Amino acid sequence: MRLEQLRVRGLRCLTEVGVALDPGVNVFVGANGAGKTSVLEAAFLLSHARSFRSGAKEALLQRGASQLSIFAELRHADERVCRLGLGRGGVRWEAKLDGASVALGQLVGECAVVCFEPGSHGLIAGAAEERRRYLDWGVFHVEHGFLSTWRRYQRALKQRNSLLRAPSPPADELFAPWEAELAQAAEQIDRQRYSYLDRLRPKLRDGLAGLLPELGTFELRYRRGWSDELDLARQLREQRGKDIARGHTTLGAHRADWALTFEQAPLREHLSRGQEKLTALACLLAQAKLYAEQRGEWPIVCLDDLASELDLAHQTAVVSLLLAADAQVLLTGTELPAALQGLPARVFHVEQGELTRLL
Ligand SMILES: Nc1ncnc2c1ncn2[C@@H]1O[C@H](COP(=O)(O)OP(=O)(O)O)[C@@H](O)[C@H]1O
Ligand SMILES: [Mg+2]
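Right under this line is the structure:
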């Protein structure tokens with residue numbers, strides 16, 4: 001899939017910009033703070049309804065502006081064109097698809113953007129929440145019904161947590177239905193996550209062999225968030241006393257995690273920062289490749305500050321992989337990265353939130 005037009009209003013330093021994008025490689029060059037990352041952030045928001053940058057959602061809205069909006073024309077591989085819209089005035093996002101208001105889930109289901117950026121090593125070295133998000137994004141795009149199960153799970157979790165925090169411990173009859181619901185949804189989520197990771201492994205193997213051959217073979221371990229030995233409803237019942245003391249549910253699909261270990265780096269701490277970045281990149285590209293295999297088209301790939309994140313050999317490897325796959329690429333840098341010299345690319349100069357096409 002590819003973005004043909006992208007219009008952004010009121011996002012950080014982007015007051016109002018519109019660009020016609022190339023189906024291949026698009027490069028945004030400019031000084032620090034010019035607004036390059038914000039352009040990628042706009043594309044990413046259409047696909048995630050959240051930023052890849054940490055920090056408050058409120059910071060996305062330009063200071064002094066009352067409304068943030070992003071519009072795009074997206075062309076799918078089968079030539080179908082959709083008009084995507086995402087806006088935020090007050091606290092809520094509003095999504096539009098071909099002019100009609102839709103649920104956020106429908107918008108993000110239409111548009112897939114994968115982003116490698118300076119914070120991406122957090123996927124390997126950061127909190128479990130990031131790894132769950134990564135996993136669930138993949139599952140969401142390839143498994144039907146994942147979102148509704150996930151919502152059902154969140155609702156039951158919220159109910160159980162509020163019972164845990166009740167001033168006097170509620171009776172078993174109040175807990176039991178929510179725990180049953182929680183367990184049932186968790187098992188479904190777990191099955192889908194598990195089978196997704198199974199399909200991801202071969203893609204990851206190829207990617208890691210190309211980017212990090214020195215680390216040897218790898219293992220991808222998944223923990224589902226509760227013990228394999230007993231069913232979750234029973235574990236939740238047995239855990240209730242401890243959970244009351246802690247004030248939240250300590251077992252379940254919201255505690256899942258996964259990790260990669262390598263033959264030559266059995267502990268995460270054995271990886272250098274650069275190796276964490278390359279591992280994260282391999283994970284993102286594997287996810288994009290699996291998406292392409294299952295959905296028949298590549299997601300849009302954003303590479304923020306590529307030249308400062310990777311050495312030239314790895315930049316070249318990534319760029320040639322994406323060119324061969326015919327994926328649309330949005331890339332930023334303080335200058336045109338050496339890996340792109342001589343390759344076809346549309347180049348934009350970014351300065352104080354304004355975009356000018358150079359090539
Ligand atoms: N809410 C906001 N309102 C106005 N400007 C903002 C807001 N948030 C960030 N900025 C400014 O927007 C710019 C962000 O640019 P960014 O896209 O990170 O630049 P680059 O990637 O080119 O370094 C910075 O100059 C920053 O100060
Ligand atoms: Mg930047």
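Position 288 (the sequence shown) corresponds to 288 in UniProt numbering; numbering is contiguous.
The C-beta atom is built at its ideal place from N, Cα and C for all residues, glycine as well.
From a predicted model like this one, the values you see are computed outputs, not experimental measurements.
Of the listed residues Glu214, Ala180 and Glu110, nearest to Met1 (C-alpha basis): Glu110
Cβ-based neighbour list, Arg346, same chain, cut-off 6 Å, excluding 5 preceding and 5 following: Asp22 and Asn26
Nonlocal neighbours in the same chain, by C-beta distance under 7 Å from Lys203, ignoring five residues either side: Ala286, Lys289 and Leu290
Test item: CB-CB of Leu135 and Tyr196 under 8 Å: Yes.
Spatial distance of Ala185 from Asp228 (CA atoms): 16 Å
Simplified DSSP assignment, three categories, for Phe146: helix
Gly333, enclosing beta strand (DSSP E) - first and last residue: Val329 to Gly333
Range covered by the alpha helix (DSSP H) that runs through Thr316: Leu312 to Ala325
Residue range of the alpha helix (DSSP H) that includes Glu229: Premise fails: Glu229 is in no alpha helix (DSSP H) and is neither H nor E.
Cβ pair Ala338, Leu359 closer than 8 Å: Against a cut-off of 8 Å, the Cβ pair of Leu359 and Ala338 comes out as no contact.
Classification of Asp172 by the beta-carbon crowding that lies within 10 angstroms, buried from 16 upward: exposed
Exposed unless 16 or more other CB atoms sit within 10 angstroms - verdict on Thr249: buried
Alpha carbon of Glu263 to alpha carbon of Asp257, nearest angstrom: So the alpha carbons of these two residues sit roughly 20 Å apart.
Alpha-carbon to alpha-carbon, Gln328 and Trp298: 8 Å
8 Å contact criterion, which Val113 and Ile300 should meet: CB distance rounded: 5 Å
Nearest to Gln352 (by Cα), restricted to the options Glu4, Ala20 and Ser38: Ser38
Environment of Asp78 [buried if 16+ CB atoms lie within 10 Å]: exposed
Beta strand (DSSP E) segment containing Gly87, residue limits: Val81 to Arg88
Touch test, the stretch 140–154 against the stretch 115–130, Cβ-Cβ under 8 Å, three pairs minimum: no
Beta-carbon gap between Pro118 and Asp231 smaller than 8 Å: no
Gly247 beta carbon less than 8 Å from that of Arg165: yes
Any non-hydrogen atom of ligand 1 closer than 7 Å to Arg63 Cβ: Yes; taking the cut-off as 7 Å, the Cβ of Arg63 has a heavy atom of ligand 1 nearer than that.
N- and C-terminal bounds of the alpha helix (DSSP H) containing Arg193: Unbroken alpha helix (DSSP H) run through Arg193: Asp172 to Leu211.
Contacting residues, own chain, Cβ-Cβ under 8 Å from Trp93 (five flanking each side not counted): Ala49, Leu86, Gly87 and Leu104
Other residues of its chain near Leu45: CB distance less than 7 Å, five sequence neighbours each side excluded: Ser51, Ile70 and Leu86
Sequence ranges, alpha helix (DSSP H) only - wholly within the stretch 90–143, length at least 4: Within the stretch 90–143, the alpha helix (DSSP H) runs of at least 4 residues that lie entirely inside it are, in chain order, 104–110, 122–125 and 128–142.
Cys13 (DSSP reduced to helix, strand or coil): coil
Closer than 7 Å: Thr261 CB and nearest ligand 1 heavy atom: no
Helix, strand or coil at Gln264 [DSSP, three-state]: coil
As assigned by DSSP and simplified to three states, the class of His270: helix
Limits of the beta strand (DSSP E) - the one that Ala56 falls within: No residue range can be given for Ala56, since it is assigned to no beta strand (DSSP E) and is classified by DSSP as neither H nor E.
Exposure label - Val81; buried when at least 16 CB within 10 Å: exposed
Any non-hydrogen atom of ligand 2 within 7 Å of Lys36 CB: yes
Straight-line gap, Arg205 to Phe218 (C-alpha atoms, nearest Å): 8 Å
Coil, strand or helix - Ala72 by DSSP: strand
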